[in-house]
Each structure stands twice: as C-alpha cells, then as structure tokens.
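Report on the structure given below.
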Amino acid sequence: MSNTPIIYPYHIILPQDLREILQCLQACGYRAYVIGGCVRDSLLGVSPKDWDIATNAHPNTICEIFAHKPNLKLIHTGAKYGTIGVCINATCYEITTFRGDGIYLDSRHPNCVRFVEHLCEDVMRRDFSINALAYSESEGILDYVNGVQDLNHKRLVCVGEAHIRFGEDSLRILRAVRFRATLGFALDSHTKDALLSLYPHIATLPVERIRLELDKTLMGAYVGASFQEYIEVFAYLFAHLARDSYAHFCSALLESVAHIHLLDSLELRYVWLLHTLPHDTRTAIIENLRFSNNQKTHIFSLFALLSHALPNNDSTILRLLSRFGAQNVCDALELWTLLYGDLGMLPKQVHTLLKHGCYEIKSLNINGEIIKTLADICEGKTIGIVLQTLLDEVIEQKLTNTTHSLIQRTQELLHQIQG
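Listed below in structure tokens is the structure:
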C-alpha cells in the first residue's frame, strides 16, 4: 500500500446535514471524509443507507465541536472505539477517529485501539478494498488500496493479508460471501483461499451477527452463485445452527437455492432453502436464528403447507384458509408453484374463496348475540363451541351459510349440549 493515494475526481452528492458536519470538522482544522460502504454504494449508483465519517479529530474533540450545536444529539456508546454518533433530523452519522486496531482476542473486537494521524493508517484496518475508499468534496475519492479498480472489475480483495483480516473478525467471512451474493463480485485468489481455510471460525460468532448477514445474503441477486461457490461455508454454518452433522447439508442446500431467486420475501426464501431438511433440523435452525414469534409462526406454517398435498376442492382450500390464514395460503401458492410447476386453476380458486368463501367465524351469518337469544343460559364457552362447529360444517359443505340454516342448526346443537 502506498502512503500516497490515487485521487479520482468523482463527485458524490451528500446529504446537506452530512455536508454541514464535515464542514464543521474541517472549519476547526481537522480532516474529515466520508468512508466505507457509503462511498462504495455511491460509486455503484446505489443510495447509501448509512454514512460514516473518518477524521483525525479525537472523540473528546468531536464532542466539544458539536456539543452546543442546536438540534443535535450526541451518542457516546462507541467512544471507546473512537466513534461518536451525531444525530440530526432523525439521522445518525457515526464519526470515527482515524485509528489502528490492537490484537483481536475474540475474533470480533480489538483489545485496544490507538488513534493515528493519517488516513492511510486508518484504511489498513478495513476489511475489503472496496470498503476502504474515502471521499471529500474538495479532494474527490482517495484510494490507497486500488479499491476503485477492484470495484470496476467486480473483484473482492482483502486489505492487506487476507488471513489476518479474516482472523481478526470472523464476520468478515460471512460478509465476503454476502458481497458475492449481493454484488456478484468474485473473490480474488488470496481472499478466497483464506476464506476457505478459516471459515470454521464463524461458529464463534453471535447468532445475531450471523442472522443479519444471512438475511442480506439470501436476498442477494446472486445468492445462487454464492452458495454454489461457497457451499462448504453455508453447509457448515447451517449444520452449526442445527447442532447437526455437516454431511447431508451440501446437496439439500444446493438443490433448493437454485430457484430461490424466484421468491420475493425473505421468510419465503428461508422456507424454500430449508424445506428439504428433516423437520427437527429445520426447526432447530429457525429457533436458533432467533426469529420473532410472528416470523416463526409464519415460517412454520409455510413448512406445514409445503408438505401438504395440493388442495383439490373447495372444502380442502377452506380448511387450509381456516387453519393457516389467508396470507400463509397465498404465500404457499408461490412455494407450491416452485415445487409442482403449473398449479392450473388453484390460484384462481383460492382467490375466489378468499373473496366469497366462509373460512372464519366472523364470516358466518350468525354471531354470539343471536345465539344468546336462542337459549336462556348460554356461556361464552358454549357459544364458542357452537360457532366453531357451525364453521366446520359450512367448510365441509354440510351446512349452508344462511342465517335460517345456521339458527336451525344452532338450536339442535344447544339441545345436544344442554341435554
């Protein structure tokens, strides 16, 4: 790496609040740049989700500069790593002092950081060359590590020695396969060799960090290519999450991932990816990835629907709608299409029954208030039993959903229940 950067006279449009933060630092005599993924995304024509700033101002100085600015809030939680958050108009910008990292004892955090004076020293601690580009409006892009060239050639290259970078933070291994999936970039030979040598270290990562990278990977436009090239990594990862043996994961994941790009939602992609695995295995993976209760209910419902035979009549469709809900059945249509191909008239049947069918108690042409008028004493539990029985019989087409028929059948049921 040269101490003198290649300078590219590119212009990046920065948010006005960000420009003012940079100008405040520069007006106080400090150097300040936007850096990292926001520069990468800008050069790729993608709107950055976050903007990070690097400066030679120390954290205490940053706080002094912005402490008395109106409508600003300072966040100090990252101060021990040299990072101060400056929040303005509901957006938080992280300002980090140029730094070098100490030894990574836990494959995640350096045991210490040391502040440095020059941007070129800060760049050397970063993961990939495409994430090590800095920008200022007055200078343009500052590139110490051939990041622009790698970006143009769709190439993912570690900054410095790849084994060291991956050894410092095992998450970088998952970030590498994620960038392969989202950007379609190929790993250079040194980066790839180091990744394939060190990937078992991902087992030490907190599941929250694994989940975040997996989510982004599965939604990538090149997820199939990433799995095919790095199936050992993904098979090892899912075996680790399942607390299961590694052997049978490779073929199962490769078979499923081939068509995963045809699904739009993240949860459907997880379901399709894992659906050929044994029930207990895929359940363990979903549980260990710590989805929310609502997400788990959705995913487990889709696993059940995917293993269900295709419904072939109105009653079967209505039963599924009643048991699993409209959204889950509609999502299952996407999965069934991948599994079986052309579903014929089934999608139209489902949507017709969604519009006109009765598969919920609230769609019955009778309610608890009407039932109360049919008996002198009628507890809530009894009303619930009657309504569920009526719904079941309407779904099975043993009963028509008319008020007259439902009242008549209710009277029979109350007579049976009350003796």
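Residue numbers (my numbering): 1381 to 1799.
Every residue gets a Cβ at the ideal spot worked out from N, C-alpha and C, and that includes glycine.
It should be emphasised that the depicted structure is a prediction, and the values quoted were computed from it without experimental measurement.
Determine the DSSP secondary structure at residue i, reduced to helix, strand or coil.
i       : result
Val1493 : strand
Ile1544 : helix
Cys1467 : strand
Asp1530 : helix
Cys1538 : strand
Arg1479 : strand
Ile1746 : coil
Asp1573 : helix
Tyr1616 : helix
Cys1472 : strand
Asp1859 : Beyond the ends of the chain as shown, which are 1381 and 1799, falls residue 1859; an answer cannot be given.
Leu1567 : strand
Ala1583 : helix
Ser1516 : strand
Taking residue i and residue j to be in contact with their CB atoms under 8 Å, please state how far apart those CB atoms are, rounded to whole angstroms.
i       : j       : result
His1641 : Val1603 : 7 Å
Thr1441 : Phe1478 : Actually they are not in contact, since the Cβ atoms of Thr1441 and Phe1478 sit about 12 Å apart, beyond 8 Å.
Gly1480 : Arg1506 : With a Cβ gap of about 11 Å, Gly1480 and Arg1506 do not count as contacting.
Thr1790 : Ile1751 : 6 Å
Tyr1388 : Gly1520 : 5 Å
Phe1618 : Ile1665 : 6 Å
Val1525 : Ala1512 : 5 Å
Leu1633 : Leu1682 : Not quite, the Cβ-Cβ distance comes to about 18 Å (not below 8 Å), so this is no contact.
Val1814 : Leu1686 : This structure leaves residue 1814 out entirely; the chain is present only between 1381 and 1799.
Val1557 : Thr1597 : 6 Å
Leu1690 : Leu1646 : Actually they are not in contact, since the Cβ atoms of Leu1690 and Leu1646 sit about 25 Å apart, beyond 8 Å.
Using CA atoms only, rank isn't needed, just tell me which of the options is closest to residue i.
i       : options                               : result
Thr1471 : Thr1435, Gly1458, Trp1431 and Gly1480 : Trp1431
Leu1575 : Leu1592, Glu1588, Leu1598 and Glu1609 : Glu1609
Asp1694 : Leu1643, Gly1737 and Ser1606          : Gly1737
Ser1509 : Ile1521, Val1528 and Gly1520          : Val1528
Asn1708 : Ser1606, Asn1674 and Ile1611          : Asn1674
Ala1605 : Leu1685, Phe1559 and Val1587          : Phe1559
Asp1397 : Gly1417, Ser1743, Thr1677 and Ile1433 : Ile1433
Leu1522 : His1498, Cys1538, Glu1444 and Pro1428 : His1498
Val1637 : Leu1657, Arg1623 and Tyr1626          : Leu1657
Glu1501 : Gly1458, Asn1692 and Pro1385          : Pro1385
Val1426 : Ile1393, Ala1627 and Trp1652          : Ile1393
Asn1745 : Thr1769, Ile1787, Leu1733 and Leu1402 : Ile1787
Ala1566 : Asp1530, Thr1732, Asn1469 and Ala1412 : Asp1530
Ala1622 : Ala1583, Leu1690 and Thr1457          : Ala1583
Lys1449 : Thr1457, Ile1401 and Gly1409          : Ile1401
Gly1764 : Leu1794, Lys1778, Gln1777 and Asp1756 : Leu1794
Ile1475 : Cys1443, Val1493 and Asp1772          : Cys1443
Could you tell me whether the Cβ of residue i comes closer than 8 Å to any Cβ of chain D?
i       : result
Val1637 : Absent here is chain D; the protein component of the structure consists of one chain.
Using the beta-carbon count (16 or more within 10 Å), is residue i buried or exposed?
i       : result
His1391 : exposed
His1570 : exposed
Ala1712 : buried
Val1503 : buried
Gly1552 : The sequence shown places Arg at residue 1552, not Gly. Answer is buried; the Cβ neighbour count reaches 16.
Tyr1515 : buried
Ala1615 : buried
Tyr1720 : exposed
Ile1415 : buried
Val1419 : buried
Ile1464 : buried
Asp1756 : exposed
Quick one: does the C-beta of residue i sit closer than 7 Å to a heavy atom of the ligand MN?
i       : result
Val1496 : Judged by which ligands are present, the structure shown has none, so any question about the ligand MN falls away.
Item to check | 4-residue-minimum alpha helix (DSSP H) runs that sit fully inside the region 1383-1461, ordered along the chain | outcome: The DSSP assignment places complete alpha helix (DSSP H) segments of no fewer than 4 residues inside the region 1383-1461 at 1396-1407, 1417-1423 and 1439-1446, in order along the chain.
Checklist entry - Whole alpha helix (DSSP H) runs in the region 1637-1684 with 4 or more residues, listed along the chain? => result Counting whole runs of 4 or more residues, the region 1637-1684 contains the alpha helix (DSSP H) stretches 1646-1654 and 1659-1668.
Next on the checklist: To test your reading of the DSSP string, which unbroken alpha helix (DSSP H) runs of 4 or more residues are found completely within the region 1757-1790?
Outcome noted: Those alpha helix (DSSP H) runs which fall completely within the region 1757-1790 and span 4+ residues are 1760-1775.
Next on the checklist: Going residue by residue through the region 1711-1740, where are the continuous alpha helix (DSSP H) segments of at least 4 residues, counting only ones entirely within it?
Outcome noted: Whole alpha helix (DSSP H) segments, 4+ residues: 1726-1736.
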